Each structure stands twice: as structure tokens, then as C-alpha cells.
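To start, the structure under review is shown below, and the notes come after it.
Protein chains in written order, with our numbering: chain A, 9 to 518; chain B, 9 to 518.
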């Protein structure tokens with residue numbers, strides 16, 4: 009098990025920097041309280057569709073930063089989660105950094121969680137390593153960096169928000185002044201693909217036009233535990249497929265062997281889409297992929313190969329891609345069955361032929377892939393396999409006319425991939441500042457495997473560069489059940505935020 | 009739509025028989041109360057694993073028949089649902105008929121039901137025909153035969169139990185005496201494959217040794233609405249397959265295209281098992297099938313072909329089997345995906361690579377198929393496809409060693425198919441009695457598509473013949489959500505029970 013790297017993370021860094029020293033002193037003094045603040049923030053449910061609770065999250069965050077001297081406001085579009093916006097002007101500052109995070113979270117399926125997702129619990133290590141629940145520490149009690157706080161958005165993205173607050177507190181306690189103008193931008197619907205982000209950025213454009221660089225504090229550090237910074241993200245889209253069997257559930261005895269079985273039909277369709285080695289078999293799926301640049305290739309070559317570590321960590325006897333590395337595979341469009349259902353399984357399984365089978369297909373896109381065109385390719389493949397596509401429930405006539413019917417629901421919130429040029433002064437000033445803290449350990453990746461519509465909006469609407477500045481542990485179960493943050497990573501996040509809030513002003517002029 | 013046949017069912021029969029006349033008069037007088045009794049019986053949840061409620065069902069049924077003059081007792085094995093046993097001796101009777109039904113029901117998945125499964129509701133016609141909920145009728149109000157009562161076990165099998173009670177009441181009200189000794193046997197775990205049935209039959213064998221014929225009042229009439237009687241049932245077994253992806257759920261962006269997707273792997277495995285035309289591709293799957301006899305072939309030839317009707321009714325543009333009829337297909341072993349799940353779909357879908365994918369495979373067996381050997385064939389096929397089979401959760405070492413791992417859970421409650429010889433006096437006496445009521449409309453089938461362990465136990469343990477005596481509508485959603493009974497079929501059931509309880513004694517001597 010090479011996860012041991014994670015344990016070595018922090019001691020390699022330079023704690024000599026005053027901002028990091030301040031962060032560490034503050035963590036030692038106030039650590040228990042920082043965890044409590046994160047637990048309290050997690051306690052407010054935060055799916056974007058739950059507007060009353062979303063509003064409670066926003067008001068709470070507004071107050072937390074308002075209490076710390078930031079000028080806060082909620083930017084509010086009707087029917088949409090508000091943007092929690094804040095700013096803090098610094099006399100003589102030559103740049104404006106905007107710290108981005110989102111306060112909404114993925115939906116919660118309580119049946120899959122080992123705890124109440126909104127009543128965060130501390131564990132003495134990761135559950136998958138055998139961790140057990142422990143009480144929250146009292147003020148002054150020692151806190152182990154391997155502890156984990158479990159709860160929805162513990163990592164994604166409430167930890168970064170709390171890290172920013174703690175960094176502000178730490179710097180204030182050590183009387184270290186901020187060196188850049190700081191703006192805050194907290195999104196309330198990132199996990200629902202931020203459908204209003206362009207509207208907000210356009211309508212409130214004046215608030216954002218002076219921003220030099222956006223720092224997207226979403227996402228996890230490199231799987232070795234090394235700091236990571238990313239300069240783009242994959243695009244995203246998807247389709248939901250529903251395959252139809254009998255119009256009502258049938259007794260599997262009285263009709264089994266005669267009535268078509270929707271799960272079987274769906275299995276056949278899905279199998280036609282992807283080879284056993286992971287190659288997508290949909291015609292043209294890879295045709296629009298733009299080759300990566302030599303510069304990007306060099307960055308990738310510098311990143312530690314983590315395949316064996318990750319295979320070990322995830323218990324994988326094989327991976328897709330015929331031996332291509334994870335980092336290489338993230339430069340290709342993906343096709344993933346993220347959900348599949350027909351009838352019931354386990355205790356609820358019944359002796360029926362179900363009426364439908366559903367698959368949720370997720371697609372991650374790389375530079376060159378157009379979301380609409382990629383969905384068109386999927387549909388063309390389905391037709392080639394002899395299926396009749398419908399976009400609403402099929403009526404009786406349609407059912408009788410076509411032997412194989414699939415309903416396709418196309419993702420309306422998709423967006424393409426984005427990549428930012430690293431080699432520009434605003435970006436380099438941040439990179440150099442960060443390097444003074446991380447040394448050579450930092451991994452710079454051309455693109456995240458993940459997707460962030462905000463990144464696209466910043467690029468398209470505001471024409472401003474953005475960097476993904478990661479802090480949370482990679483094994484945080486983000487988007488899934490039992491999401492968690494490793495406490496050592498929360499502390500690292502506070503260090504990192506402190507460093508970024510006190511970047512030397514002269515570097516930007518290099 | 010040929011379901012119109014259903015509406016024509018009852019008027020074709022002979023109401024001149026005193027027992028049927030008594031039944032009809034009683035229905036007219038007491039119909040509203042009969043429906044209320046069924047609704048009350050449905051109100052007690054009845055999954056076999058829910059022993060406290062199972063006991064409540066049993067006590068209630070014991071009392072209902074006890075109040076009607078039957079000597080009732082609960083046969084009770086520790087930890088198992090009791091058999092509700094009853095008997096009523098008739099002076100001079102030359103045969104003993106045992107009426108069988110089960111009072112337990114399939115599990116309920118409330119998210120799929122349109123109503124509370126245990127708070128039965130009356131509809132003015134079938135939901136799938138646009139039926140709406142209506143109030144229960146008051147005493148004396150007219151009752152339409154197309155109405156349906158929705159609730160778990162409305163058909164399967166609480167309707168037959170209520171029909172027996174009503175028949176006893178009807179005959180009593182018209183002062184018509186029973187002509188056979190009547191025994192009652194109500195099973196409490198049929199939907200869980202009656203695991204204790206052999207134990208009960210062996211331990212309490214003395215109670216059953218004088219039975220001439222068992223009448224299994226489970227199952228639905230022929231799809232045309234015509235009366236049906238069956239002389240056997242398919243066997244049943246199955247396996248649960250669990251396919252393994254990463255050991256924890258992964259972000260579909262950060263790992264999509266590299267980590268194996270369990271849904272995709274499962275789809276491939278399932279596709280390898282069955283051709284698009286429904287032919288099972290597992291080596292040897294059809295090898296042990298015993299050919300049917302010429303006598304059985306003649307019975308099948310006499311049964312109306314219902315394929316076009318059923319395709320129309322079920323909205324099916326194609327069926328498995330390359331044009332073979334439903335009745336022909338039921339003479340082959342089936343392989344059905346009765347449940348399938350990976351991750352979540354719909355509102356709960358998340359952008360993850362799930363850790364597992366599960367399929368519940370049901371198999372219905374015909375004469376000649378051995379359950380254990382059929383499961384062995386499935387396993388052999390899985391291995392041939394390159395999978396490593398485990399029977400418990402795979403440990404880390406196993407995960408790292410084998411690229412494709414599937415956990416197989418074999419059904420422990422399966423049993424083989426059974427067929428009873430129709431051409432014996434005890435059986436012919438019942439057939440002739442029934443024909444005097446139904447005329448030539450009755451359909452006699454060598455085997456039900458369904459499975460009933462009780463049938464096997466009667467044959468194996470008690471060496472007594474049994475006939476499936478069906479009453480409920482075929483479109484009753486038994487085993488699934490929104491189970492229902494058509495009121496006209498409940499009334500037909502009361503007629504049929506009245507006829508069977510007053511069979512002429514001399515016929516048995518023919």
C-alpha cells in the first residue's frame with residue numbers, strides 16, 4: 009500500500025513562511041473549533057433543488073465571512089440558489105484574487121450512508137481502513153491528521169470554505185496582512201451543473217471585471233497526496249436510457265421465456281457500446297479529440313505515475329485502456345454507466361419480468377468534443393443497433409410497431425472541456441507563490457478529470473484565467489455515500505489559503 | 009383489444025345449478041360485505057419474514073372459518089409461519105377435498121405502488137385501463153364486475169380465501185349441504201418458496217392421509233378469461249450475481265475511462281447468456297428437458313392461442329422464441345433478469361463509478377431440469393466467459409488477482425417441475441363436476457408457468473394428486489406493485505368454490 013505517501017505530505021513543506029507558521033499556530037489553538045464550524049456547516053442540507061435549505065446555507069456563509077470583515081452580499085436570481093459574494097480590498101494591492109467554492113452538494117441516498125449525511129461524524133481513520141466513530145475533540149485536545157470528518161460536502165466543497173475562514177482568522181491572529189484584494193464567490197448549484205452561472209456572471213459582471221485570477225478551490229489533491237493544481241477540466245454530458253418490456257410487470261413464471269425482459273435488452277445495448285478493454289465502440293466517439301500540446305505532455309510526464317498505487321487502493325485487478333495510464337485516459341472522452349436499474353434486487357427482488365430497465369450514461373468530454381454532437385453519436389449508435397428512439401413515454405401504437413424501443417433523455421446542462429494557458433504572468437505569479445510553499449512536490453495537470461461549468465463560464469463570459477487549487481484528500485467519496493475530509497488535508501487547505509492570501513505582490517510583475 | 013372476452017366470461021356458465029344459484033343470490037345480498045372482508049384481510053401485512061404480522065393473519069383466518077363451523081387449528085413449527093388447518097366432516101361423504109391457498113404475499117416496494125399496499129382501494133376498472141379510485145360500496149349498492157380491489161395479496165392469495173368463506177356462507181344461506189369432507193390448508197410462506205412445507209406435511213401427515221384430491225386455489229384463470237385448471241407447475245431456482253468494480257465509489261470524472269465500470273461488466277456477462285431472440289446460450293440449458301406426451305400436446309392444442317391478445321394487452325412489439333407460442337415457451341426452462349441494479353438512477357443518479365452491479369436471475373424449470381444442475385450450468389458458463397466466481401465478498405488479494413470477479417449466490421429454496429396424471433378417477437370426478445358448471449369453456453393445461461412448492465410436497469410426501477383451480481384475473485399484477493383482483497373474478501371464485509364443495513358424490517365412482 010503506497011498510500012503512506014499521504015502521511016508524508018505536510019512535513020516536506022516549508023513551514024518557515026510566516027503565513028504557514030500563522031496557519032499552524034492557529035490550527036493548534038483553534039483546531040477543535042474549526043472542526044465544529046465545518047460540522048455545523050454540513051448540518052444544513054444542501055442539494056441545489058432544496059431552495060429553503062440552500063438559502064440557509066447561503067445566509068450562514070454570508071454571516072461567517074461578514075463577521076470576519078468581508079463585505080458580503082447574496083446575488084440572487086429568482087428560483088436559483090444565490091451566489092454568496094464577498095470582497096475585501098487591500099490598500100496597494102496589485103492583483104485581485106477570487107476564491108471560488110460551492111456550498112451545494114450531490115444528492116444523498118440515505119440507504120447507502122453509514123451515518124446521517126447531515127449530522128457529520130468524526131472517525132479515527134477512513135472507514136475503508138477500518139475507522140471507527142469518535143467524539144468531536146474539545147478545545148485544546150490533540151487532533152490526529154488521519155482523522156476524518158464524514159458528511160455530505162465535508163470535502164466537496166464545505167471544507168475549502170471553512171479553510172478560507174480559518175486562514176483569515178490565522179493571519180489576523182498573527183497580525184499578517186493580506187497582500188491581494190480578495191473576492192469570494194460561493195456557488196450554490198455546482199453539483200447540478202451551475203445552470204445559472206453565465207446569467208450571474210453576465211448580470212453582475214461589474215463585480216468580477218477586476219479579477220486577475222480565479223482560484224477554484226474545488227477538487228482533490230493528487231492521489232499520492234502531493235499538492236495539485238489544474239488548468240482546465242473535462243466537459244460533461246450524458247443520456248438516460250429507458251428500455252421497455254411489457255407494459256405491466258408480469259409473473260416471471262407465467263410469461264418467462266416469452267415476454268421480452270427489459271434488463272436483458274438493455275444489457276445487450278450497453279454491451280454494444282463498449283469493448284471489454286474499455287474502448288468505446290460508438291462510431292466517431294474519438295474523432296473530435298484535439299491532440300494535447302508538447303507543453304502539456306511535459307507536465308503529464310512530470311506527474312508521478314499513480315496507476316499501481318490506485319489499483320492497489322481500489323482493489324482493481326484490471327483497468328480500462330489496455331495499459332494506458334490514468335492520466336492518459338483522462339485525455340479521452342469517457343462513457344460510464346453511473347446508474348442502472350430494473351425491477352428490484354436483494355430483499356425486494358420479486359419473481360417478475362419488470363416493465364422497464366434504465367441506464368444513466370455519463371460522458372466526460374475533452375477538448376474538441378461538443379456535448380450535443382457526442383449525444384448525437386450515441387443516438388446514431390443506438391439506431392444502428394436496430395432500436396427505435398423515443399423522447400417521451402412510447403404510446404401503444406409505437407410499442408406495437410417497434411420491437412426494440414428506447415427512450416433517450418439528453419442532458420441539457422452539459423458543457424465542453426476547457427484548458428487555460430499556464431504560461432501567462434497572472435498564472436505564473438500564483439504558481440511561483442505556491443511553489444515557495446510546496447517546493448517541487450506540486451503536480452501541475454493540464455486538465456482535471458472532473459468538470460466545472462464555472463471554469464467554462466469564467467473563460468467564456470469573463471475572459472479571465474482560472475486555476476484549480478486543490479486541498480481535500482482524493483479518497484473522499486465525493487459525490488457518493490460516506491463523503492469525508494481527512495483532517496490533515498483540511499489543515500493543508502488552511503496553510504494553502506494562507507499562502508495564497510499573502511502572495512508577494514512583486515511576483516506578479518515577473 | 010381482445011380483453012373483451014373477459015367480460016363475457018360469467019354469462020356463459022350454467023347458473024341453473026343450485027350451488028351457483030345460491031352463490032349468486034348471496035353475492036347480490038352480501039357483496040359489499042364480502043369486499044369489506046377482503047379489504048380487512050389485506051390490511052394485515054403478510055410477508056413471510058414478518059412473523060408477528062404473519063401470526064395475525066393466521067389467527068384472523070382461523071377465527072373466520074371457526075365462526076363458520078370449521079374445526080380450526082394452527083400447525084406451528086418454531087420460527088416458521090403457521091399452517092392454518094381446518095376440517096369439516098360430512099356424513100356419508102365418499103371423498104375428502106383439501107382446499108389450499110396461501111395467506112402470505114410477495115414483498116412490497118412502496119416506492120412503486122400507487123397506493124398503500126395494505127390499505128386496499130377499490131377502482132372503477134383496472135388502473136392500466138384508466139381506472140379511478142372509488143369508495144367501497146355500502147350494503148345493497150350495485151357492484152360492477154369490472155371494479156378492482158387493489159392491495160397486496162388481493163389476488164394472490166387472499167381472494168381465494170375470502171371466496172371459500174363466501175361459498176360456505178352462500179350454501180348455508182340456501183340450506184345446501186356440503187357433499188365432501190372439506191379440509192383447509194392455508195400456507196404462510198408460499199411466496200418465500202414454502203421452506204417448511206415438507207416438514208409440516210411429514211409431521212402432521214395423519215391430518216392429510218385421507219385427502220382424495222388437493223385443490224390449489226392459487227393462480228389466475230386463462231388469459232382469455234376462460235376457466236383454467238392445471239395439473240402441474242414449473243420448477244424454480246435462481247442465482248444472484250454481484251460484479252465488482254472499484255472498492256469505493258469513484259468520481260466519474262477523475263477515474264472515468266480507467267476504472268472498470270461494474271454495470272458495463274455485468275451487461276456484458278448477461279448479454280453472453282441469452283441471444284436476442286430469447287434463446288439461452290448457456291451450454292446444456294435445454295439438454296435435460298423431457299419431451300411432453302401426446303396427451304399433453306392435445307390439451308395444449310385445445311387451449312385458445314392467446315399470443316396476439318397478450319402482445320396487444322402488454323404492448324409488445326416482439327416476443328422471445330422466434331414465433332413459438334406462449335404455451336410452447338412455458339414448456340422450456342426460462343432465464344429472466346428479474347432485478348438489476350448499479351449505483352442510482354433518476355433523481356438520485358450521481359456522477360460516480362459504482363462499486364458493484366447486481367443482477368437477480370430467475371429460472372423456471374420444466375420436467376427433467378434439476379435445480380442444482382441448472383445453477384451449475386450457469387456457473388460453468390460464467391467461468392467459460394473468463395470470470396472468477398466467489399461465494400462471499402472477495403478479499404483484497406482476490407480482487408488484485410482476478411480481473412473479472414462475480415459473486416454467485418445460489419437459490420437454496422428451488423425445486424423441480426411437477427406434472428400430475430389427469431387420467432385417474434379422483435381427478436376426473438373433479439373435472440366432470442367442474443365441467444357441469446363451465447361447459448366446454450374450461451382450459452386444461454399440463455403445467456402452470458408458475459411454481460408451487462406445495463404441489464411438489466403433496467406429490468412427493470403425501471403421494472396425493474393435486475389440481476390448480478384458478479379464479480383470479482390474469483392481469484392482477486401478482487408479485488408486483490398494484491396487485492389487484494377483478495370483482496367479477498372474485499364472484500366467479502365463489503361460484504367455483506360452491507360447485508366444488510357440492511360435487512355429486514357419485515361422479516367420483518365413475
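Where a beta carbon is used, it is the ideal one built from N, C-alpha and C, also for glycine.
Computed from a prediction, not measured in an experiment: that's the story for all the values here.
Asked                                                                                                                                                                                                        : Found
Below 8 Å on C-beta distance, what does residue 487 (chain B) contact in chain A?                                                                                                                            : 257, 259, 260, 358, 359, 360
Under a three-way DSSP split, which group does residue 272 (chain B) fall into?                                                                                                                              : helix
Since I believe residue 268 (chain A) is in contact with residue 324 (chain B) (beta carbons under 8 Å), could you give me their beta-carbon distance rounded to a whole number of angstroms?                : 7 Å
Would you kindly work out how many angstroms separate the C-alpha atoms of residue 371 (chain A) and residue 381 (chain A), rounded to a whole number?                                                       : 12 Å
Along chain A, which residues have their Cβ under 9 Å away from the Cβ of residue 404 (chain B)?                                                                                                             : 320, 323
Helix, strand or coil: which one does DSSP assign to residue 211 (chain B)?                                                                                                                                  : helix
Considering only residues of the same chain and omitting the five flanking positions on each side of residue 15 (chain B), which have a CB-CB separation below 6 Å?                                          : The predicted model places residue 15 (chain B) with a pLDDT of 38, which falls under 50 and marks its position as unreliable, so this point remains unresolved.
Beta-carbon separation of residue 193 (chain A) and residue 106 (chain A) under 8 Å?                                                                                                                         : yes
Which same chain residues, not among the five before or five after residue 135 (chain B), have their C-beta less than 7 Å away from its C-beta?                                                              : 122, 490
With a threshold of 16 other CB atoms inside 10 Å of the CB of residue 432 (chain B), please say whether the residue is buried or exposed.                                                                   : exposed
Which residue comes first and which comes last in the beta strand (DSSP E) that contains residue 178 (chain B)?                                                                                              : That residue, residue 178 (chain B), is in no beta strand (DSSP E); its alpha helix (DSSP H) goes 166 to 181.
Among the candidates A:42, A:414, A:216, A:93, whose CA atom is the shortest distance from the CA of residue 466 (chain A)?                                                                                  : A:216
Quick one: which unbroken alpha helix (DSSP H) runs of 4-plus residues sit fully inside the region 194 to 268 of chain A? Chain order, please.                                                               : 205 to 211, 213 to 216, 260 to 263
Given this structure, state the Cα-to-Cα distance separating residue 427 (chain B) from residue 22 (chain B), to the nearest angstrom.                                                                       : 30 Å
Please go through the same chain and pick out, in chain order, the residues whose beta-carbon is closer than 6 Å to the beta-carbon of residue 499 (chain A), but skip the five residues on each side of it. : 35
Any beta carbon from chain B within less than 8 Å of residue 483 (chain A)'s own beta carbon?                                                                                                                : yes
Examine the Cβ distances between the region 407 to 414 of chain A and the region 314 to 330 of chain B and report whether three or more of them are shorter than 8 Å.                                        : yes
Answer with yes or no whether the minimum CB distance from residue 351 (chain A) to chain B is below 8 Å.                                                                                                    : yes
Would you list, in sequence order, the uninterrupted alpha helix (DSSP H) runs of no fewer than 4 residues that lie entirely inside the region 274 to 331 of chain B?                                        : 302 to 310, 315 to 322
In whole angstroms, give me the CA-to-CA distance for residue 18 (chain B) and residue 233 (chain B).                                                                                                        : Residue placement at residue 18 (chain B) is poorly supported in this model, since its pLDDT is 44, which falls under 50; the coordinates still yield a value, given next. Answer to the nearest angstrom: the Cα atoms are 9 Å apart.
Can you say whether residue 303 (chain A) is buried or exposed, counting buried as having 16 or more other CB atoms within 10 angstroms of its CB?                                                           : exposed
Indicate whether residue 308 (chain A) and residue 473 (chain A) have their beta-carbon atoms separated by less than 8 Å.                                                                                    : no
Since residue 495 (chain A) and residue 152 (chain A) should fall inside the 8 Å C-beta cutoff, what is the C-beta to C-beta distance between them, to a whole number of angstroms?                          : 7 Å
Rounded C-beta distance between residue 202 (chain B) and residue 477 (chain B)? I'm assuming under 8 Å.                                                                                                     : 18 Å between Cβ atoms; not a contact.
I'd like the span of the beta strand (DSSP E) that includes residue 475 (chain A), first residue to last.                                                                                                    : 474 to 477
Give the single residue among B:276, B:486, B:260, B:505 whose Cα lies nearest to the Cα of residue 445 (chain B).                                                                                           : B:505
Which term fits residue 365 (chain B), buried or exposed, when burial requires 16 or more other beta carbons within 10 angstroms of its beta carbon?                                                         : buried
What three-state label does DSSP hand residue 40 (chain A) in the structure shown?                                                                                                                           : helix
Would you mind listing the alpha helix (DSSP H) stretches within the region 322 to 404 of chain A that are 4+ residues and don't spill past its ends, in chain order?                                        : 334 to 337, 379 to 392
Below 8 Å between beta carbons is the criterion; list the residues of the region 449 to 462 of chain A that meet it against any residue of chain B, in chain order.                                          : 456, 457, 458, 459
Using a Cβ-Cβ distance cut-off of 8 Å, determine whether residue 211 (chain B) contacts chain A.                                                                                                             : no
Where residue 133 (chain A) and residue 127 (chain A) are concerned, what is the direct C-alpha to C-alpha distance, given to the nearest angstrom?                                                          : 18 Å
What does the alpha-carbon distance come out to for the pair residue 12 (chain B) and residue 138 (chain B)?                                                                                                 : Residue confidence is low: residue 12 (chain B) scores 36 on pLDDT, short of 50, so the model does not pin down where it sits. Its coordinate-derived value is still stated next. Each residue's alpha carbon lies about 16 Å from the other.
Starting from residue 64 (chain A), trace the alpha helix (DSSP H) in both directions and tell me its first and last residue.                                                                                : 59 to 74
Assuming residue 435 (chain A) is part of the beta strand (DSSP E), what are its boundary residues?                                                                                                          : Run containing residue 435 (chain A): none in the beta strand (DSSP E); it sits in the alpha helix (DSSP H), 433 to 446.
I'd like to know whether the C-beta atoms of residue 327 (chain B) and residue 253 (chain B) end up nearer to each other than 8 Å.                                                                           : no
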